[in-house]
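Residue 63 is where the sequence shown starts when you use the numbering used here, and the numbers rise one by one after that. Note that the Cβ used here is the ideal one computed from N, Cα and C, for glycine as well. Please read all numbers here as calculations on a predicted model, not as lab measurements.
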Amino acid sequence: MGLLLVGSAAAPAQAESNRSMQWHLDAMHAEEMWKVSTGKGVTVALIDSGVDATHPDLKGQVLRGKDFMSGESGDEWTDLQGHGTSMAGIIAGTGKMDGGNGAFGLAPGTKILPIRFEDTDAQGSKQDQADEYQKPASEAIRFAADRGAKVINISQGVIHGSPELTNAVKYAIDKGSLIFAAVGNDGDTDIEFPAATPGVVGVGAIGKDGKKIEEAQYGPLVDFVAPGADIVGPCTKETRLCKSRGTSDATALAAASAALIWSKHPEWTNNQVLRVMLNTVGSPRSGEKRTDFLGYGTVRPRIALKTPGDPGPADEYPLPDLAAAPPKSPSSQPSKAAGGAEPDKPQAANPVASSDESNTTLWIVLGVGAAALIGAAVAVPVIRSRRRSV
63 MGLLLVGSAA APAQAESNRS MQWHLDAMHA EEMWKVSTGK GVTVALIDSG VDATHPDLKG
123 QVLRGKDFMS GESGDEWTDL QGHGTSMAGI IAGTGKMDGG NGAFGLAPGT KILPIRFEDT
183 DAQGSKQDQA DEYQKPASEA IRFAADRGAK VINISQGVIH GSPELTNAVK YAIDKGSLIF
243 AAVGNDGDTD IEFPAATPGV VGVGAIGKDG KKIEEAQYGP LVDFVAPGAD IVGPCTKETR
303 LCKSRGTSDA TALAAASAAL IWSKHPEWTN NQVLRVMLNT VGSPRSGEKR TDFLGYGTVR
363 PRIALKTPGD PGPADEYPLP DLAAAPPKSP SSQPSKAAGG AEPDKPQAAN PVASSDESNT
423 TLWIVLGVGA AALIGAAVAV PVIRSRRRSV
């Protein structure tokens with residue numbers, strides 16, 4: 063995930079635009095949803111680089127979690143990379159910075175359980191890096207489930223999985239958690255783990271135009287997509303606000319969507335929340351049930367809150383991959399006619415589609431003003447984490 067600073071204090075007019083630059087909140091009808099649900103009562107575990115709990119937009123939002131990072135200063139309330147703080151803000155930011163002119167999360171009523179995760183410092187092959195990743199990742203997932211986190215957000219990944227990781231995911235699901243993970247940002251079909259682990263909801267990213275962003279991974283293990291371009295949220299840099307893009311951001315928005323739904327329906331199980339999310343997606347315009355570019359479609363928590371329908375059986379996982387052993391290998395080609403996703407108001411499907419088509423006018427209409435404002439932000443070189451964060 064790259065970060066660009068947002069110069070919120072550069073001029074009064076620009077300062078007033080901080081909320082306006084959060085185009086994804088407008089596209090997802092956040093303020094309308096907040097009249098119904100803010101995510102209150104739901105804990106989202108964030109397995110990442112830590113969270114700066116002193117950030118003005120996150121004060122009071124961050125619980126005590128656990129630090130799995132050895133040899134580094136601080137604890138889970140310390141974020142040396144900035145990635146975790148950004149994800150926490152996208153989920154649960156309050157916008158309180160500068161007297162209410164900060165950045166809002168999609169589910170500002172949620173609480174964040176930070177789990178600072180061990181960097182993957184292994185040299186050599188991707189398998190070496192993956193091997194080093196498995197044990198602490200598995201422990202972090204189990205810890206989150208044991209602490210009662212309903213939603214677990216993992217905006218990171220490696221190219222290989224393991225039985226240990228698979229068992230940890232199964233443990234968390236059995237404990238009632240719902241896990242979202244980023245599919246990756248290399249633009250190929252190698253869906254990363256844990257997103258490719260059976261039982262994990264793999265999240266891809268789309269832009270304002272409803273198209274898959276170029277760098278997002280694609281394949282049969284993509285379940286949902288969410289906005290993942292020009293996402294403005296809290297960060298640890300000098301301006302305290304940054305613009306980022308990638309499947310990390312999309313995953314945080316999918317996790318926040320689940321929190322909104324669960325807060326409104328606390329009696330539902332993880333399976334029921336996920337089933338309602340599946341039943342209310344903005345489906346691929348091609349008319350197919352799912353595509354490799356968009357999965358089952360774009361998350362639409364507003365529709366899930368407004369007309370959730372039947373949540374179905376409490377004890378049946380609604381995605382087909384949980385029983386798979388081993389997980390499916392990513393395909394070398396995207397599925398046929400994978401195009402954009404439908405907006406909140408369904409439109410007629412276009413019989414001709416391609417990997418970069420979209421009928422999601424929702425993103426375009428609500429994103430134009432935000433795009434212009436973001437263009438005025440102060441840009442600096444992209445900052446990348448040592449971790450294979452996505």
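Asked                                                                                                          : Found
Beta-carbon proximity check, residue 325 vs residue 102, cutoff 7 Å                                            : yes
Proximity winner among 169, 156, 228 and 330, relative to residue 373 (alpha-carbon distances)                 : 330
Rounded separation between residue 215 and residue 135 - CA only                                               : 23 Å
Touch test, the segment 98–114 against the segment 134–150, Cβ-Cβ under 8 Å, three pairs minimum               : yes
With 16 other Cβ atoms within 10 Å as the buried cut-off, status of residue 345                                : buried
Buried/exposed call for residue 376, threshold 16 Cβ in 10 Å                                                   : exposed
Three-way DSSP call (helix, strand, coil) for residue 152 in this model                                        : helix
Cβ contact check for the segment 219–237 and the segment 310–325: 3 or more pairs under 8 Å                    : no
Whether residue 367 touches residue 95 by CB criterion (7 Å)                                                   : yes
Three-state secondary structure (DSSP) of residue 279                                                          : coil
Residues sharing a beta bridge with residue 213, DSSP                                                          : 106 and 240
Span of the alpha helix (DSSP H) around residue 337                                                            : 332–341
Bridge partner(s) assigned by DSSP for residue 255                                                             : 220
Collapsed DSSP secondary structure at residue 356 in the structure displayed                                   : coil
Cα-Cα separation between residue 85 and residue 379, rounded to whole angstroms                                : 32 Å
Three-pair Cβ contact test at 8 Å for the segment 277–293 versus the segment 196–209                           : no
For residue 259 and residue 228, the rounded distance between their alpha carbons                              : 6 Å
Limits of the alpha helix (DSSP H) - the one that residue 87 falls within                                      : 85–89
Classification of residue 119 by the beta-carbon crowding that lies within 10 angstroms, buried from 16 upward : buried
Residue 82 to residue 245 span [Cα, whole Å]                                                                   : 28 Å
Proximal residues to residue 138 (C-beta, below 8 Å), its chain only, five neighbours per side dropped         : 112, 113, 126, 127, 128, 129, 176, 177 and 178
Supposed contact pair residue 360 and residue 288 - C-beta distance, whole angstroms, cut 8 Å                  : 7 Å
Residue 303 (DSSP reduced to helix, strand or coil)                                                            : strand
Status (buried if at least 16 other CB within 10 Å, exposed otherwise) for residue 294                         : buried
Whether residue 174 touches residue 154 by CB criterion (7 Å)                                                  : yes
Assigned secondary structure, residue 179 (DSSP; H/G/I helix, E/B strand, else coil)                           : coil
Inter-residue spacing [alpha-carbon to alpha-carbon] between residue 91 and residue 160                        : 24 Å
Distance between beta carbons of residue 106 and residue 267, contact taken as under 8 Å                       : No, residue 267 and residue 106 are not in contact; Cβ-Cβ is about 19 Å, not under 8 Å.
As assigned by DSSP and simplified to three states, the class of residue 190                                   : helix
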